[in-house]
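In terms of our numbering, the sequence shown is residues 125 to 274. We put the CB at the ideal spot given by N, CA and C, even for glycine.
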Amino acid sequence: MDRLIYTYKTTIDAPMKQVWDFFQDPRNLAKIQRFPKVRIKEAESESVEGSEIKLKIGLWGIGVNWRATIETVKKPYYFVDIAEKPPFPFTYWRHTHRFTREDGKSVMTDELEFAANVPSTVSHKILTYMFKTREKQIQQAFHQSKKDDR
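Here it is in structure tokens:
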């Protein structure tokens, strides 16, 4: 099965250090991931090379276990996680979280290399919905953080 690339950019109105620190804590994934719903079963408080994250993903009323390993961390520019046995429909998942600064704001670019057991048009729709939903939760988390700083 061919591996495909999917890219999604999220602009975040927050300093790079704050954005990096938020995404370095894998437990924050549960705060921003609504589709599919994620529960962190086990994770370090910071993503370091070789650390594992054990998750339970709620799909269609069924809990699916997923384990990811942090492959690479290049602070504060990017980190990469690789899933071991990702849930259906995916058969391969390598996710780079890249952080840059543009027009005075932080930009997180999700670069996903994946393979799936469904046509690319279907996997693209699934991923777009997932990342758009996640983007809304990210915006809310950082908006709330700004309120809390006041």
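Reduced DSSP secondary structure (H/G/I, E/B, other) of residue i
| i | result |
| --- | --- |
| VAL162 | strand |
| ARG274 | Only weak support exists for where ARG274 lies, its pLDDT of 49 falling under 50; the value from the coordinates is given anyway. ARG274 falls in the coil class under three-state DSSP. |
7 Å Cβ cutoff met for residue i and residue j
| i | j | result |
| --- | --- | --- |
| PHE159 | THR257 | yes |
| PRO213 | ALA240 | yes |
| THR220 | VAL231 | no |
| ILE250 | ILE156 | no |
| LEU153 | VAL143 | no |
| GLU166 | SER175 | no |
| GLU319 | THR131 | Examination of residue 319 is not possible in this model, given that the chain is present from 125 through 274 alone. |
Presumed contact (8 Å Cβ cut-off) between residue i and residue j, rounded CB distance
| i | j | result |
| --- | --- | --- |
| PHE255 | ILE136 | Contact doesn't hold; Cβ gap of about 13 Å is too wide. |
| ARG222 | TYR201 | 7 Å |
| GLU173 | ILE194 | 6 Å |
| ILE206 | TRP190 | Actually they do not touch by this definition, with Cβ atoms about 11 Å apart. |
| SER278 | PRO150 | Since the first residue shown for the chain is 125 and the last is 274, residue 278 is missing from the structure and cannot be characterised. |
* Asked: Counting only runs that start and end within the segment 178-266, where is the beta strand (DSSP E) found for 3 or more residues in a row?
  -> 186-198, 202-208, 214-226 and 229-240
* Asked: Given 8 Å as the limit, is there contact between the segment 163-181 and the segment 224-238, that is, 3 or more CB pairs closer than that?
  -> No, the segment 163-181 does not touch the segment 224-238.
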